[in-house]
């Protein structure tokens, strides 16, 4: 699917066309798994403590342990729920101009774009679990260092190879056109 | 500003990694920028310190009582405040209430940076400063606040006794291991009857332990994110910070038994 938008520069009769090459969203799978693991672990720990009141030396210590487990489980669950909310509203866009990562939250829009002309390298990262899930991350870098000022990472995308290929194809065609 | 505080509170509870993460690309730039950032982090630390110490001081803790303001101080504040002696007492109490937290923060800074240097992982002092400023401002302050509440509230006396018992047992463990002929001023404490623990005391101790876990975890994240260490190295760095109280106790015991 592609969409074309056209803009006109002041004092310039030529028209700039930006075509969207690819639009995708991060997958929720890893976050859902982490949320499930957090809640399950918290519940299991709570059940074990309640079933064994003397486990920590005294029932009162077990009560403290249950409170600690409960608080940490709740904090973890809230964290992953908020992340799910943000991920659902996040978009990764590759256009003929650049790569863009954007989301809106509480009436504020966060958008970060890296022009294709600035991209010097790209990385595909897949851990073992990500490979099993069929997801990965694609990082686009404008400097040599992975943590330099110019880098955008598309985290947890389904089929990260196609995202990387879309950018690579366009970078190659840009290089050919300029030669 | 309120949005920033709310965001900071949210991150400190639900996303500690964002809370302690430093902008390492910024820190990599020139000396003037690094100096500016050091100053900014120092200001952040002292603002948070005041946020912690002012309520304590207003509640009457650390009150040195009956002191007269030095002449220079009185001359400076007299045009602004009505009573220089009261202002001096307030400032003295504020400094006293800030002292323990500042000492603990300084100890954390030294042991944490020693840890990253010893493991040959240091990315710079600013990364350590950023980690420690944020972790101590939030989590260490929460630990001290919980301890203050336990030591002052009459509704949680058993919990307070339990906390004192644990601390004393910690010291006596090393006294027994070293076979040192020393003891604490109150002597070896007797076990606390925990069946008398109130709901408030139970909750206060649980929150104290949670704050301690957050504090250690934030240091772990600081090592991982700001110094790019592995999980094992970050665990090692945190262990160095965690054993520093033990080192302090052992040092105090040895000093008491060897020095004239």
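Protein chains in written order, with my numbering: chain A, 175 to 353; chain B, 488 to 747.
We put the CB at the ideal spot given by N, CA and C, even for glycine.
Keep in mind the model is a prediction, meaning the values are calculated, not measured.
Can you list the residues of chain B that residue 232/A reaches, using a CB-CB cut of under 8 Å?
Those are 681 and 682, listed as they occur along chain B.
Just curious, the alpha helix (DSSP H) that residue 517/B is in, first and last residue?
DSSP places residue 517/B in no alpha helix (DSSP H); its state is neither H nor E.
Give me the subset of the stretch 249-263 of chain A whose CB atoms are less than 7 Å from a CB atom of chain B, sorted by chain position.
Taking 7 Å as the cut-off between beta carbons, the residues of the stretch 249-263 of chain A near chain B are 249, 252, 253 and 256, in sequence order.
For chain A, check one thing: does any of its Cβ atoms lie closer than 8 Å to the Cβ of residue 633/B?
Chain A, which has no Cβ nearer than 8 Å to the Cβ of residue 633/B, makes this no.
Give a yes or no on whether 8 Å exceeds the smallest Cβ distance from residue 716/B to chain A.
Judged by the 8 Å Cβ criterion, residue 716/B is not in contact with chain A.
Which of the three DSSP states, helix, strand or coil, is assigned to residue 548/B?
In this structure, residue 548/B counts as coil in the three-state DSSP scheme.
Please report how far the alpha carbon of residue 505/B lies from the alpha carbon of residue 498/B, in whole angstroms.
Using only the alpha carbons, I get a separation of about 6 Å.
For residue 237/A, would you say it is in contact with chain B, using Cβ-to-Cβ distances shorter than 8 Å as the test?
It does; some Cβ of chain B falls within 8 Å.
Give the range of the beta strand (DSSP E) segment to which residue 285/A is assigned.
Counted as a single uninterrupted DSSP element, the beta strand (DSSP E) harbouring residue 285/A occupies residues 282-289.
Residue 693/B: contacting residues in chain A (beta-carbon distance under 9 Å)
Near residue 693/B (Cβ distances below 9 Å), the residues of chain A are 237, 238, 239, 240, 241, 242, 244 and 245.
How would you write the range of the beta strand (DSSP E) that residue 267/A sits in, first residue to last?
DSSP places residue 267/A inside the beta strand (DSSP E), whose first and last residues are 264-269.
Taking only beta-carbon atoms, is residue 730/B less than 8 Å away from chain A?
Taking Cβ atoms only, chain A never reaches closer than 8 Å to residue 730/B, which makes this a no.
To the nearest angstrom, how far is it from the Cα of residue 523/B to the Cα of residue 308/A?
So the alpha carbons of these two residues sit roughly 45 Å apart.
Establish whether the CB of residue 725/B and some CB of chain A are separated by less than 8 Å.
No, no contact with chain A.
What in chain A is Cβ-close to residue 577/B, meaning under 7 Å?
Per Cβ cutoff of 7 Å: no residues; residue 577/B is ~35 Å from chain A at best.
Going straight from the alpha carbon of residue 367/A to that of residue 287/A, what length do you get?
The first residue shown for chain A is 175 and the last is 353, placing residue 367/A beyond what the model contains.
Compute the Euclidean distance between the alpha carbons of residue 300/A and residue 310/A, then round it to the nearest angstrom.
CA-to-CA, the gap between residue 300/A and residue 310/A works out to about 5 Å.
Are there 16 or more other CB atoms within 10 angstroms of the CB of residue 716/B, so buried, or fewer, so exposed?
It is buried - the Cβ of residue 716/B has at least 16 other Cβ atoms within 10 Å.
Pick out the complete alpha helix (DSSP H) segments inside the stretch 578-630 of chain B, 4 residues or longer, and give them in chain order.
Counting only runs of 4 or more, we get 612-622.
Along chain A, which residues have their Cβ under 8 Å away from the Cβ of residue 507/B?
Here the premise fails: no neighbours, minimum Cβ distance about 15 Å.
Three-state class that DSSP yields for residue 680/B in the structure shown
In the structure shown, residue 680/B falls within a coil segment according to DSSP collapsed to helix, strand and coil.
8 Å contact criterion, which residue 620/B and residue 528/B should meet: CB distance rounded
About 5 Å; that satisfies the 8 Å criterion.
Of all the CB atoms in chain A, is at least one closer than 8 Å to the CB of residue 643/B?
For residue 643/B, the answer is no, since every Cβ of chain A falls outside 8 Å of its Cβ.
Do we get a CB-CB distance below 8 Å when we pair residue 719/B with the residues of chain A?
False, the Cβ-Cβ gap to chain A never drops below 8 Å.
Does DSSP put residue 274/A in a helix, a strand or coil?
Note: residue 274/A maps to strand in three-state DSSP.
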